[in-house]
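Structure first, then comments.
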Amino acid sequence: MPRLFLALFCFLSLTAGAHALDAPSGPVVLTVKGQVSKPNQGTAAVFDLAMLAALPARSAEMETPWTKGKTRFSGPLLRAVLDAAGASGKVLVVRALNDYMAEVPMEDADRLETMLATHQDGKPMPVRDKGPLMLVYPFDLDSALFTEKYFARSVWQIKEIEVLP
Ligand SMILES: Nc1nc2c(c(=O)[nH]1)N[C@H]1C(S)=C(S)[C@@H](COP(=O)(O)O)O[C@H]1N2
Ligand SMILES: [Mo]
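FYI, the numbering for the sequence shown is -20 to -1, 1 to 145, going by mature numbering (1 follows the signal peptide of the UniProt record, and there is no 0).
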């Protein structure tokens, strides 16, 4: 009988491990709220930098309106962060520390290699220089993105993403 319970326990912890989002151990840098199915703090999914660093990422050199010359941005793919939170919906309201906000269509995460940049030229981004997180479009892959429409969605000092239907 105890062996059956042990097997059941192992099975349950394995399936839970496959779906649950770990609790952060460091300071929370990002809260994903709204339509999220893998919350780890109340109804929200919260992330520290180590959790973000463990997700599928992108690193690319590009020119942006905010940087001089070619600059390398690296960080988790936006879709990887949303997957980790179990986010599903059509619109992302991306909010910054200064309460700037932009509405970003879910397609920008699904179809474009958008990243939540945590590093600029290999260094963590301080708040005074657009950190700790910035939504960076793949300007290096598609020059058609180099427009005011995508600049306005390039939120820096991100603190929160709300997932709406
Ligand atoms: N956190 C934050 N991100 C932001 C903004 C802002 O005010 N705060 N402005 C947005 C807008 S409207 C544009 S066009 C671009 C470029 O802003 P800039 O002209 O001030 O460089 O950044 C976007 N990201
Ligand atoms: Mo703008």
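Even for Gly, the Cβ is constructed at its ideal location relative to N, Cα and C.
Whether residue i touches residue j by CB criterion (8 Å)
i: PRO56; j: LEU96; result: yes
i: ALA65; j: ALA132; result: no
i: GLY6; j: ASP28; result: yes
i: PRO118; j: GLU93; result: yes
i: ILE141; j: VAL74; result: yes
Distance cut-off 7 Å: residue i Cβ against heavy atoms of ligand 1
i: TYR80; result: yes
i: GLU43; result: no
Heavy atom of ligand 2 within 7 Å of residue i beta-carbon
i: GLU83; result: no
i: PHE131; result: yes
i: GLU140; result: no
Paired residues, beta bridge with residue i - DSSP
i: MET42; result: THR51
Exposed unless 16 or more other CB atoms sit within 10 angstroms - verdict on residue i
i: ARG38; result: buried
i: VAL107; result: exposed
i: THR98; result: buried
Whole-angstrom C-beta distance between residue j and residue i, which should lie under 8 Å
i: VAL135; j: ALA76; result: 5 Å
i: TYR143; j: VAL12; result: Before going on, a small fix: residue 143 reads as Val here, not Tyr. Between VAL12 and VAL143 the Cβ distance is about 7 Å, and since that is below 8 Å, they are a contact.
Chain C contact for residue i (CB, 8 Å cutoff)
i: ARG59; result: Absent here is chain C; the protein component of the structure consists of one chain.
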